[in-house]
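Asker: Here it is, the structure, as structure tokens.
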Amino acid sequence: MQNAAILTVDDDPSVSRSVARDLRRRYGDRYRVIRAESGSTALDALREIKLRGEQVAVLLADYRMPGMNGIEFLEAAMDVFPLARRVLLTAYADTDAAINAINIVDLDHYLLKPWNPPEEKLYPVLDALLEAWLATPAVTMPETKVVGHRWSARSFAVRDFLARNLVPYRWIRADEAEGARLLAAAGLAEADVPVVITTDGKALARPTETDLAAHVGMATTPASDLYDLAVIGGGPAGLGAAVYGASEGLRTLLVEQRATGGQAGQSSRIENYLGFPDGVSGAQLTDRARRQAQKFNAEMLTTREVVGLERQDPVTLLRFSDDTAVAAHTVVLATGVSYRLLNAPGLADLTGRGVFYGSAAIEAPNCSGEEIYIVGGANSAGQGAVYFSRFARKVHILIRGDDLTRSMSRYLIDQIEGIANIEVHPNTEVVGGEGRDHLERLTLCDRRSGRVATVPTSWLFVFIGAEPRTDWLGDVVARDGNGYVLTGSDLLADGSRPAGWAPSRDPYHLESSMPGVFAAGDVRAGSVKRVASAVGEGAMAVSLVHRYLEGR
């Protein structure tokens, strides 16, 4: 147990050194031996160990210490490491105090000083205590921890960010004993949650996504000022462009505002993607693509928002929200689309507290045995329903139309019809929601009869339509009336090229009205909204990037 410690505290420096020496001689190859000369110093060391996610196997404390005696220290230490074995070092005159400590701090053993020879009086005791500690099932390895409230939108946002970026973490409620211990060790209170404790022991109170990214090992700052190719958006189209661009020798930068994968990354199971006959989760597909891009040395930035494009021949500047910028010879816009908000009274205030956009798969175990409602009739809603049906007692799919056939793939409809605890409600919409600290009730309306009903539930997952993430482009790039980026022949009006077009050629197939800036995937006007077509367009965009670079 290289991460486990044996901690000894004694205010007499010579005794402290002697104890530590004997411990290191016997256990130094298996445990870290930590020595302190006061109870307060030892408690600080314990809190630091706790925040790093490491373990303490045994605590040895001298009884007679000024300020905080050994019993008081062990009592405080129990709040930090309740499973650590506890030993009191005491003189013969203090044996009564040691015996009383058995009841006060659940003492495992007391040792009379001096304990020479240690082979007879110290090591046998420690051997037995360490054996008992190792048999305790709660011994854990370092991990990222999130401490928060069950129905906190900010706590959900932190967990969702980590999950979508494939960062393993352990969720601990602030009102649980372990959560209280971690907050106390960090010197924080429940008002400071969500609190993220990284694997190196740093506590982040109410962190931003940029803070989180930086502390869990994600890159947030570009390594260069100039790239051959900058890809904006980390969904299937963006990842496809990054993989093909980097593999073909282009200095490639991928910029993602939140998490790689986009909406596809949230899909619980994609069953019609070529080459995966048994299906693949969006997270798995995203992780493979991300690792593939990194293998070819594509640089990936997370939590960086691009707020503008500016042409400064021969490059395009990408301006970030923090007023910094990078330059690229070519750009691929792959920002995808986002789910539309459900415009019904009461729902906005409950977002992240029972109302979720997308699958929010991290909430699935919490839905066990409950009734949940899903709004939407496309594939993403169907995949979500199938996934949540494994946990929830009943899944209700609410659609505005007569049936699912207009917008959902046949294979998903067949699956849904074969799952007993999924019920589809046609011609039904949500017209309101209410609750105190979280969603408690939904108001539903039958569009045909106008009849309104209120149903009790704490779970609503919304998958309605999509809107392109293109407002930030302004007028620099031509878009259609719905905000989708126009490319190629769609930019030609009566055979004329777009206004301000400088090259002596027509725009390439995926090229936008700004030369050298291409669009791929769902953000492009007229694109097929499927994962496979998005990946294909990302790859095609790179071939056009090469043509553009060669023709300059």
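Taking my numbering, the leading residue of the sequence shown gets 620, the next gets one more, and so forth. In this text, a Cβ means the ideal position worked out from N, Cα and C, and glycines have one as well. Note that the structure is predicted; figures quoted are calculated from it, not measured.
Looking at the secondary structure, which residues open and close the beta strand (DSSP E) in which LYS1013 lies?
Answerer: Segment 1013-1017, the beta strand (DSSP E) holding LYS1013.
Asker: Flag this pair as touching only if the region 807-823 and the region 761-774 have three or more C-beta atom pairs under 8 Å; answer yes or no.
Answerer: Enough Cβ pairs lie closer than 8 Å, so yes.
Asker: In the DSSP assignment, what are the bridge partners of TRP790?
Answerer: The partner list for TRP790 (beta bridge, DSSP) reads VAL765.
Asker: Scan the region 1045-1126 and note each continuous beta strand (DSSP E) run of 3 residues or more that stays entirely inside, going in chain order.
Answerer: The region 1045-1126 contains these whole beta strand (DSSP E) runs: 1047-1053, 1060-1065, 1071-1075 and 1079-1081.
Asker: Please work out which residues of its chain come closer than 6 Å, Cβ to Cβ, to SER940, disregarding the five sequence neighbours upstream and downstream, and give them in chain order.
Answerer: Excluding residues within five positions, the ones whose Cβ falls inside 6 Å are GLU924 and VAL926.
Asker: State the DSSP-derived secondary structure class of GLU890, mapped to helix, strand or coil.
Answerer: The answer is coil: DSSP assigns GLU890 none of H, G, I, E or B.
Asker: Could you pull out every residue in the same chain whose Cβ sits closer than 8 Å to the Cβ of GLU867, ignoring the five residues on either side in sequence?
Answerer: The residues are VAL1161 and HIS1165.
Asker: Quick check: what's the CA-CA separation for ALA623 versus MET919?
Answerer: The alpha-carbon atoms of ALA623 and MET919 are separated by roughly 35 Å.
Asker: Between the alpha carbons of TYR1030 and ARG1149, how many angstroms are there, rounded?
Answerer: Roughly 15 Å separates the two Cα atoms.
Asker: Alpha carbon to alpha carbon, what distance is there between GLY965 and ARG1055?
Answerer: Cα to Cα, the separation comes out at about 10 Å.
Asker: In terms of DSSP beta bridges, what is ILE991 paired with?
Answerer: DSSP, once it has assigned bridges, lists VAL1014 as partnering ILE991.
Asker: I need the DSSP call for LEU702, collapsed to helix, strand or coil.
Answerer: Reduced to three states, the DSSP call for LEU702 is coil.
Asker: Report back the beta-carbon spacing between LEU670 and ALA804 to the nearest angstrom; my notes put them in contact at under 8 Å.
Answerer: Contact flag correct, Cβ pair sits at about 6 Å.
Asker: Can you tell me whether LEU845 is buried or exposed? The criterion is at least 16 other CB atoms within 10 Å of its CB, across all chains shown.
Answerer: Classification for LEU845: exposed.
Asker: Near ALA824, what residues of its chain come up, given a Cβ to Cβ distance below 7 Å and the 5 sequence neighbours on each side ignored?
Answerer: These residues qualify, in order along the chain: LEU807, ASP811 and VAL814.
Asker: Evaluate VAL1043 with the Cβ neighbour count: other Cβ atoms within 10 Å of its Cβ, from every protein chain shown; 16 or more gives buried, anything less gives exposed.
Answerer: So VAL1043 counts as buried.
Asker: Using only the alpha-carbon positions, how far apart do GLU875 and GLY1157 sit?
Answerer: Computed Cα separation, rounded: 15 Å.
Asker: With the cut-off set at 7 Å, would you say ALA703 and LEU741 are in Cβ contact?
Answerer: Result no, Cβ atoms of ALA703 and LEU741 do not sit closer than 7 Å.
Asker: In whole angstroms, what separates the C-alpha of ARG1181 from that of ARG778?
Answerer: Summary: the structure shown does not reach residue 1181, with the chain confined to residues 620 through 1171, and so no result is reported for it.
Asker: Go ahead and label GLN885 buried or exposed: buried means 16 or more other beta carbons lie within 10 angstroms of its beta carbon, across all protein chains shown.
Answerer: With 16 or more other Cβ atoms within 10 Å, it is buried.
Asker: Residue range of the beta strand (DSSP E) that ASP847 falls in?
Answerer: Run containing ASP847: 845-851, per the beta strand (DSSP E) assignment.
Asker: Classify VAL638 as helix, strand or coil using the three-state DSSP reduction.
Answerer: Three-state DSSP puts VAL638 in a helix.
Asker: State whether the region 1080-1087 contacts the region 989-1009, with contact taken as three or more CB pairs (one from each stretch) at a distance under 8 Å.
Answerer: With the cut-off at 8 Å, the region 1080-1087 and the region 989-1009 touch.
Asker: What are the start and end residues of the beta strand (DSSP E) that includes ILE625?
Answerer: Residues 623-628.
Asker: Within 8 Å, do at least three Cβ pairs link the region 1135-1149 to the region 1101-1109?
Answerer: Yes: the two stretches touch, three or more of their Cβ pairs being nearer than 8 Å.
Asker: In this structure, does DSSP put SER659 in helix, strand or coil?
Answerer: In this structure, SER659 counts as helix in the three-state DSSP scheme.
Asker: Spatial neighbours of PRO826 within its chain, please: CB distance less than 6 Å, with the 5 preceding and 5 following residues excluded, ordered by chain position.
Answerer: Only VAL815 meet the Cβ criterion.
Asker: Tell me, please, whether the region 847-861 touches the region 940-957 by the rule of three or more beta-carbon pairs shorter than 8 Å.
Answerer: Judged by Cβ distances under 8 Å, the region 847-861 makes contact with the region 940-957, as three or more pairs qualify.
Asker: Since ARG1029 is in the alpha helix (DSSP H), which residue starts that stretch and which ends it?
Answerer: ARG1029 -> alpha helix (DSSP H) spans 1029-1036.
Asker: Sort GLU1036, ALA917, ASP1022 and SER1026 by Cα distance to VAL1005 and report the nearest one.
Answerer: For the residues GLU1036, ALA917, ASP1022 and SER1026, the minimum Cα distance to VAL1005 belongs to GLU1036.
Asker: Should ALA1097 and SER1132 be called a contact, given that it needs their Cβ atoms to be closer than 7 Å?
Answerer: Yes, these two residues count as a Cβ contact at 7 Å.
Asker: In chain order, what residues of the same chain have a beta carbon less than 6 Å from the beta carbon of THR905, not counting five sequence neighbours either side?
Answerer: These residues qualify, in order along the chain: THR879, GLY880 and GLY884.
Asker: So, for SER633: in the same chain, excluding its five sequence neighbours on each side, which residues have a beta-carbon less than 7 Å away from its beta-carbon?
Answerer: If we look at SER633 and ignore the five residues flanking it on each side, it has no Cβ neighbours.
Asker: Rounded to the nearest angstrom, how far is the Cβ of GLU667 from that of SER635, given a contact under 8 Å?
Answerer: Between SER635 and GLU667 the Cβ distance is about 18 Å, and since that is not below 8 Å, they are no contact.
Asker: Would you mind sorting GLY864 into buried or exposed? The rule is 16 or more other CB atoms within 10 Å of its CB.
Answerer: Under this definition GLY864 is a buried residue.
Asker: With distances taken Cα to Cα, identify the nearest neighbour of ARG645 among ILE690, GLY894 and VAL744.
Answerer: Of the listed residues, the one whose Cα sits closest to ARG645 is VAL744.
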